[in-house]
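Inspection log for the structure reproduced underneath, given as structure tokens.
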Amino acid sequence: MNDAAPGTAAPPAAATNTPVIEDPGPVPTETPSRIRAEIIIVFALSLGQAAVWAIINLIERYQREVAIGGQTAQVNPSRSDIEYLDLIRQILAIGFRLVPVLLALYLLSTHGRSWARRLGLAGNGRRWGKDLALGAGLAALIGIPGIGLYALGRAIGQTVRVDTSGLPDQWWAATILLMAAASWGILEEVLVVGYLMTRLQDLKWSVTAIIITSAVLRGAYHLYQGWPMALGNVVMGLVFAWAYHRTGRLLPMIAAHSLMDVVAFVGPEVAPESLLDWLNV
35 MNDAAPGTAA
45 PPAAATNTPV
55 IEDPGPVPTE
65 TPSRIRAEII
75 IVFALSLGQA
85 AVWAIINLIE
95 RYQREVAIGG
105 QTAQVNPSRS
115 DIEYLDLIRQ
125 ILAIGFRLVP
135 VLLALYLLST
145 HGRSWARRLG
155 LAGNGRRWGK
165 DLALGAGLAA
175 LIGIPGIGLY
185 ALGRAIGQTV
195 RVDTSGLPDQ
205 WWAATILLMA
215 AASWGILEEV
225 LVVGYLMTRL
235 QDLKWSVTAI
245 IITSAVLRGA
255 YHLYQGWPMA
265 LGNVVMGLVF
275 AWAYHRTGRL
285 LPMIAAHSLM
295 DVVAFVGPEV
305 APESLLDWLN
315 V
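Below you can see the structure in the form of structure tokens.
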């Protein structure tokens, strides 16, 4: 019933504050151009950038008066003369190092897909136990010849002396080295093996091209150590990429890489002097 007085217009309906939501349109599909742009962005923020700097670094090393064999590369440097700030900065560096990993996992999980399943990280305790055992085997397969390659590179004067720890003698140093080893294992294997190989497969690349691309990228960002170690990392990349292709499991590569870095970072602190002299460390 209209209660307005005769001869008067009815009051206007109360205005609402409900916003008008426009149709955003269809969800963008993963076209090849979008995937390629995604790959470029992810690696420009992470290991692709590291590869560019490593190439420049190697060129610079050969331009110096001191031969490359007489130069040193420090992997885990101290970040402050003040102890507690050094610790804070070490923790922050490890945390920020893993941000590109989070980005890659996020991109792999679009459209409701599981990044854990796509990378072969899903499973149970028994499956993970087998992955870790395979990782230990891969670490021995790659790590032991790698020590010999480092010694050979030092002997021919084409590999820099790699100082794996510039940390002060503090109670937290060993823990930071272990965390750093794990972070490098996660960063490199998730990006260079899991993410890159998955995305190149989405682009319909051949298996051979995918494996070679992953391996060459791994070698490129290790050029700062000299070409022998970069070549060794290419071989490591071929083995890891092939193993991932065959098993579909990424955890073995993460475990193997982390274990090798633990040995490289902590080993010089406990190894006998005779071994260090042989390696010219």
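Each number in this note's numbering comes from the position in the sequence shown (counting from 1) with 34 added on. The C-beta atom is built at its ideal place from N, Cα and C for all residues, glycine as well.
Which residue comes first and which comes last in the alpha helix (DSSP H) that contains residue i?
i	result
D165	159-189
V241	241-254
Q235	230-236
E222	207-222
A78	66-78
V133	133-142
Three-state secondary structure (DSSP) at residue i?
i	result
V268	helix
R98	coil
R283	coil
R151	helix
G82	helix
G301	helix
I116	coil
G146	helix
A290	helix
A156	coil
G260	coil
Per DSSP, residue i is paired with what?
i	result
P111	G200
T106	R195
Would you kindly check if the distance between the Cβ of residue j and the Cβ of residue i is under 9 angstroms?
i	j	result
G103	R188	yes
A173	A85	no
I321	S217	Given a span of 35 to 315 for the chain in the structure shown, any question on residue 321 remains unanswerable.
L230	T247	yes
A275	A249	yes
V269	A215	no
I125	M213	yes
Kindly list the residues whose CB is nearer than 7 angstroms to the CB of residue i, restricted to its own chain and excluding five residues on each side of it in sequence; keep chain order.
i	result
A298	T198
I190	none
S112	D120, G200, L201, P202
L168	P286
A138	V76, V224, L225, Y229
W376	The chain is shown only over 35 to 315; residue 376 falls outside these bounds and no answer can be derived.
L92	L257, Y258
Take residue i and list the residues in its own chain whose beta-carbon comes closer than 6 angstroms to its own, dropping the five residues that flank it on each side.
i	result
M294	A173, G177
V300	L211
L79	P134
Below 8 angstroms CB to CB, which residues in the same chain sit around residue i once its five sequence neighbours on both sides are set aside?
i	result
A107	V194, R195, V196, D197, Y258, Q259
A207	S199, L201
G282	G154
I220	L132, V135, I288, S292
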